[in-house]
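**Student:** Heads up: the protein sequence lines correspond to chains V and G, in order. Counting in the numbering used here, the first sequence runs from 1 upward without gaps. Counting in the numbering used here, the second sequence runs from 1001 upward without gaps. Ideal placement from N, C-alpha and C gives every residue a C-beta, glycine not left out.
Protein chains: 2
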Amino acid sequence: MSFISYETSQNMLDLLEVPKNRFEKVALSCALGRVLAEDIVAKYSDPQFPTASMDGYGVRYEDLELGRLRVVGHTPAGTLQEHHLTKGEAIKTFTGSQMPQGADTLIPIENVILKDDGMIEIVEMVPKGFSVRPVAEGYKAGDVLIKKGTKIGFAEIGVMAGLNCVMVKVARKPRVGVLATGSEILDLGEEAQNATQIRSSNNYTLAALFEQAGAEVVQLATAPDDKEQLMQIMHNALESVDILVTTGGVSVGDYDFVKDIVPRLGAQVVFKGVAIKPGRHIMVAQKGLHTIVSLPGFAYSSTVTGILYVLPLIAKMLAKESAYSIVPAVLEEDFKKRSPFTEFTACNVTLCEDGYKVNFSGKKVGSSAILINMLNNSGLMIADKEDTFLQKGTLVHVIIMENN
Amino acid sequence: MSFISYETSQNMLDLLEVPKNRFEKVALSCALGRVLAEDIVAKYSDPQFPTASMDGYGVRYEDLELGRLRVVGHTPAGTLQEHHLTKGEAIKTFTGSQMPQGADTLIPIENVILKDDGMIEIVEMVPKGFSVRPVAEGYKAGDVLIKKGTKIGFAEIGVMAGLNCVMVKVARKPRVGVLATGSEILDLGEEAQNATQIRSSNNYTLAALFEQAGAEVVQLATAPDDKEQLMQIMHNALESVDILVTTGGVSVGDYDFVKDIVPRLGAQVVFKGVAIKPGRHIMVAQKGLHTIVSLPGFAYSSTVTGILYVLPLIAKMLAKESAYSIVPAVLEEDFKKRSPFTEFTACNVTLCEDGYKVNFSGKKVGSSAILINMLNNSGLMIADKEDTFLQKGTLVHVIIMENN
Chain V
1 MSFISYETSQ
11 NMLDLLEVPK
21 NRFEKVALSC
31 ALGRVLAEDI
41 VAKYSDPQFP
51 TASMDGYGVR
61 YEDLELGRLR
71 VVGHTPAGTL
81 QEHHLTKGEA
91 IKTFTGSQMP
101 QGADTLIPIE
111 NVILKDDGMI
121 EIVEMVPKGF
131 SVRPVAEGYK
141 AGDVLIKKGT
151 KIGFAEIGVM
161 AGLNCVMVKV
171 ARKPRVGVLA
181 TGSEILDLGE
191 EAQNATQIRS
201 SNNYTLAALF
211 EQAGAEVVQL
221 ATAPDDKEQL
231 MQIMHNALES
241 VDILVTTGGV
251 SVGDYDFVKD
261 IVPRLGAQVV
271 FKGVAIKPGR
281 HIMVAQKGLH
291 TIVSLPGFAY
301 SSTVTGILYV
311 LPLIAKMLAK
321 ESAYSIVPAV
331 LEEDFKKRSP
341 FTEFTACNVT
351 LCEDGYKVNF
361 SGKKVGSSAI
371 LINMLNNSGL
381 MIADKEDTFL
391 QKGTLVHVII
401 MENN
Chain G
1001 MSFISYETSQ
1011 NMLDLLEVPK
1021 NRFEKVALSC
1031 ALGRVLAEDI
1041 VAKYSDPQFP
1051 TASMDGYGVR
1061 YEDLELGRLR
1071 VVGHTPAGTL
1081 QEHHLTKGEA
1091 IKTFTGSQMP
1101 QGADTLIPIE
1111 NVILKDDGMI
1121 EIVEMVPKGF
1131 SVRPVAEGYK
1141 AGDVLIKKGT
1151 KIGFAEIGVM
1161 AGLNCVMVKV
1171 ARKPRVGVLA
1181 TGSEILDLGE
1191 EAQNATQIRS
1201 SNNYTLAALF
1211 EQAGAEVVQL
1221 ATAPDDKEQL
1231 MQIMHNALES
1241 VDILVTTGGV
1251 SVGDYDFVKD
1261 IVPRLGAQVV
1271 FKGVAIKPGR
1281 HIMVAQKGLH
1291 TIVSLPGFAY
1301 SSTVTGILYV
1311 LPLIAKMLAK
1321 ESAYSIVPAV
1331 LEEDFKKRSP
1341 FTEFTACNVT
1351 LCEDGYKVNF
1361 SGKKVGSSAI
1371 LINMLNNSGL
1381 MIADKEDTFL
1391 QKGTLVHVII
1401 MENN
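#1: When you check each C-beta in the region 1124 to 1141 of chain G against every C-beta of chain V, which residues fall closer than 7 Å?
#2: Let me know if R264 (chain V) comes out buried or exposed under the rule of 16 or more other beta-carbons within 10 Å of its beta-carbon.
#3: Identify, in the order they occur along the chain, each residue of the same chain with its Cβ nearer than 7 Å to the Cβ of I157 (chain V), setting aside the five sequence neighbours on each side.
#4: What residue does the beta strand (DSSP E) around E1082 (chain G) start on, and which one ends it?
#5: Determine whether the Cβ of D260 (chain V) lies closer than 8 Å to any Cβ atom of chain G.
#6: Compile a chain-ordered list of the residues in the region 348 to 382 of chain V whose CB is closer than 9 Å to at least one CB of chain G.
#7: Measuring alpha carbon to alpha carbon, tell me which of V:M54, V:Q212, V:T394, V:T303 ends up nearest V245 (chain V).
#8: Taking CB distances under 8 Å as the criterion, tell me whether R199 (chain V) reaches chain G.
#9: Taking C-alpha atoms, which residue in V:K227, V:G67, V:V269 lies nearest to G249 (chain V)?
#10: Give me the DSSP bridge partner(s) of G355 (chain V).
#11: What's the C-alpha gap between L1085 (chain G) and T1075 (chain G)?
#12: Using a Cβ-Cβ cut-off of 6 Å (strictly less than) and excluding sequence neighbours within five positions of M1401 (chain G), which residues of its own chain qualify?
#13: Who are the near neighbours of I370 (chain V) in its chain, counting only those whose CB is closer than 6 Å to its CB and skipping five residues on each side?
#14: Identify each residue in the region 1002 to 1031 of chain G for which the Cβ-Cβ distance to at least one residue of chain V is less than 8 Å, and report them in chain order.
#15: What residue range does the beta strand (DSSP E) around L1331 (chain G) cover?
#16: Please decide whether Q212 (chain V) counts as near chain G, where near means a Cβ-Cβ distance under 8 Å.
#17: With 8 Å set as the bound, which would you pick, yes or no: does the beta-carbon of Y1057 (chain G) sit closer than that to a beta-carbon of chain V?
#18: Is F1094 (chain G) helix, strand or coil when you go by DSSP?
#19: Please go through the same chain and pick out, in chain order, the residues whose beta-carbon is closer than 6 Å to the beta-carbon of S1097 (chain G), but skip the five residues on each side of it.
#20: Taking the continuous alpha helix (DSSP H) assigned at V1316 (chain G), which residues delimit it?
#21: Is the CB-CB distance between A1042 (chain G) and K1140 (chain G) below 8 Å?
#22: Taking 8 Å as the CB-CB limit, is V144 (chain V) close to chain G?
#23: At a cut of 8 Å, does the region 1188 to 1198 of chain G reach the region 1212 to 1220 of chain G through at least three beta carbon pairs?
#24: How long is the line joining the alpha carbons of Y61 (chain V) and E137 (chain V), rounded to whole angstroms?
#25: Would you say G1266 (chain G) and K1287 (chain G) are within 8 Å of each other, going by their C-beta atoms?
#26: Applying the criterion that 16 or more other CB atoms from any shown protein chain within 10 Å of the CB defines a buried residue, is N1011 (chain G) buried or exposed?
#27: With a threshold of 6 Å on Cβ separation, who are the neighbours of F1360 (chain G) within its own chain once the five nearest residues in sequence on each side are excluded?
#28: Counting only C-beta atoms, is E228 (chain V) closer than 8 Å to chain G at any point?
#29: Quick check on this structure: which residue in G:E1386, G:I1113, G:A1037, G:R1068 has the alpha carbon closest to the alpha carbon of K1148 (chain G)?
#30: Less than 8 Å between the beta carbons of F1344 (chain G) and A1275 (chain G), yes or no?
#31: Establish whether the CB of A171 (chain V) and some CB of chain G are separated by less than 8 Å.
#32: In whole angstroms, what is the alpha-carbon distance linking D1014 (chain G) and T1291 (chain G)?
#33: With DSSP as the reference, label R172 (chain V) as helix, strand or coil.
#34: Grab the span of the beta strand (DSSP E) containing S294 (chain V) for me, first residue to last.
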């Protein structure tokens, strides 16, 4: 069996045609965490009119030297003031209120004394334009404020609310089906038939991973190593999802049925076998725009390959810029690479004053079944194919996931 | 009016008594993003029995030198094998299967030739114990695998699934009510009565911020500057939420009613006025275990003070370790501080090979109303009270939020 390189596999993945530009409209209050499917353009300027940013009196700056001004009205926030200021006049104006017409400066209430005769006495001067938010201080009509492809966070929600974006056009969530295969695995809560069965974690780990990445997950749970039954489940699932992700059944054994079923579903195998550790038996296939990603069965292997081969597809369908971050980090201990493949090793990533540091404290060395190595926001250190021994102090690259 | 220092205000916030140790049980598939309210302890070891990590034949290592072994059975994954190996015997054993009793080594199928007489011929040796996952390779019964207070990510979900944690004990979400006050503000979609009204963004920005932080938000939307009406709304809301967050009405003006209403609700003012920019008029009060956090009305001010004074309360109620991250970063440009207060300035944070860098490219200087400065995952640079001019190259500290 031949293995293509990691780089080739990622390039091939990148070239896959997947459904794009699918959107839906959701209420703004449901848009948090979604990905924008349109640019958000300012419909009007912020503010639309000169606005007081403190409580005080709207005045003509040149009048301040008069020392005393006549208060001819007041403008609580949200009310319209028709009067146009003339020489010697002031209008009481509040935070958020429109500045009176003709006024160019706000003299704060702390800077004046209100007299019994309705005059104010200026006791402390301010510079011209003081406490007036000019038109378009924040943004002007026509500005692109938020770009398509942005993941919507709290600030984006606020800016859209300010623009009265009641319904927001967001990328539709890719539908991802998740199926764990293997006769030994028991679904959550299912009662064991014998002592050799084990609990399935793959389908739940992956469902959470994909959900966090912005997918809508169809939980297909577990299926036994029964060729016909598996074929039926995969056949039924494929048409209703954008990506069908399976775990197990891709190696060379008697019960590894998934690798044989995929072509029988009418899917074209894009690649099978990549020179990576863990997960070298990974297979990617397509039937039309439906993609099948068949991951190995071990818990750590399926998690790592789910990150490497499914998250990019989800990101692409959402038009997100990237599926995960890759950060530079300095090794805090020696690292001995154990295979001739590109290796992805769970590691602790800590941020110090001079950048990220990586170590493997508490991580267990063993088979690819050890999922607990991924706990506590672990990163994945990338060791290139050519690497053998990486000395303490070496600069490496680490994949870090957003943790919802 | 006197202002307490930022540090004092944070210490006082930290000392507040808030409801804690409130939990609920949720289905594992609904637990993503929640905070664990109990330690997750391994109920059994992983694996519970010596397990094959490849497809092959379970053998006694010492028998390999015989060259040929008799296949006396096979053990698909998930089935029980009763036979105890004796000299010269092999049992076909699959990935994930229990190793046969008496076997200590797995010889992979690639290393043998299956003969017509049911014997296998060893063509390539393996070391003793090859491809056998020993009992407790991953973890052993009694190990604390995940600690109380951990935010549940995909790896935590997978590990809990592997332990058959069907229902998970998580911290109950703190209930946070959000209310924006001001007669000039219009709720989302509401039609304007006159041209001086503006859209409310505060209540939506804050709702998203608090939701992302793990709270259940009660959206109280907007209220006009009407003392009795406001009093009624706040009174009704307070009993049903853990934290009531208001914006606006805390300054010194004629229409700043919130600061007067809070004591009339029977709440004790913890502090009012902090030497920070933006947001120095912030007020925190408590009535029993209910906390009122009254933020200033400007969009940028309320967002920043929401981060500084509400997120820590939410984190505390969830027993999360911290409300946000503070990272060291190097200034890429000079920074001129404009006030004698502790300042929080929206900034661009980028990660380079030697750590975080901070600049203010594209950020607008102006009033505290400019919310767009918070877009694009902006950080908040902290400039201490004593700072005046910070030269390019200075090491500063920056608050960064998790962006859902």
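**Tutor:** With the structure as the only source:
#1: R1133, E1137, G1138, Y1139
#2: exposed
#3: L28, A31, L32
#4: Segment: none, E1082 (chain G) is in no beta strand (DSSP E) and carries neither H nor E.
#5: So no, D260 (chain V) is outside the interface.
#6: Cβ contacts with chain G come from L351, C352, E353, D354, G355, Y356, K364, G366, S367, S368, A369, I370, L371, I372, N373, M374, L375, N376, N377, S378.
#7: Selected option, being the one with the closest Cα: V:T303.
#8: Interface criterion met: the Cβ of R199 (chain V) is under 8 Å from a Cβ in chain G.
#9: V:K227
#10: V:C352, per the DSSP bridge assignment.
#11: 13 Å
#12: Y1324
#13: The beta carbon of I370 (chain V) sits closer than 6 Å to those of Y300, K364, all from its chain and outside the five residues before and after it, given in chain order.
#14: Among the residues of the region 1002 to 1031 of chain G, those with a Cβ less than 8 Å away from any Cβ of chain V are L1028, S1029, in the order of the chain.
#15: 1325 to 1331
#16: yes
#17: no
#18: coil
#19: A1052, T1075, A1077
#20: According to the sequence displayed, residue 1316 (chain G) carries Lys and not Val. That run of the alpha helix (DSSP H) goes 1311 to 1318.
#21: yes
#22: no
#23: no
#24: Cα to Cα, Y61 (chain V) sits roughly 20 Å from E137 (chain V).
#25: yes
#26: Under this definition N1011 (chain G) is an exposed residue.
#27: C1347
#28: no
#29: Comparing Cα positions, the closest option is G:A1037.
#30: no
#31: no
#32: 13 Å
#33: coil
#34: Taken as a continuous stretch (DSSP letters only), the beta strand (DSSP E) holding S294 (chain V) covers 290 to 295.
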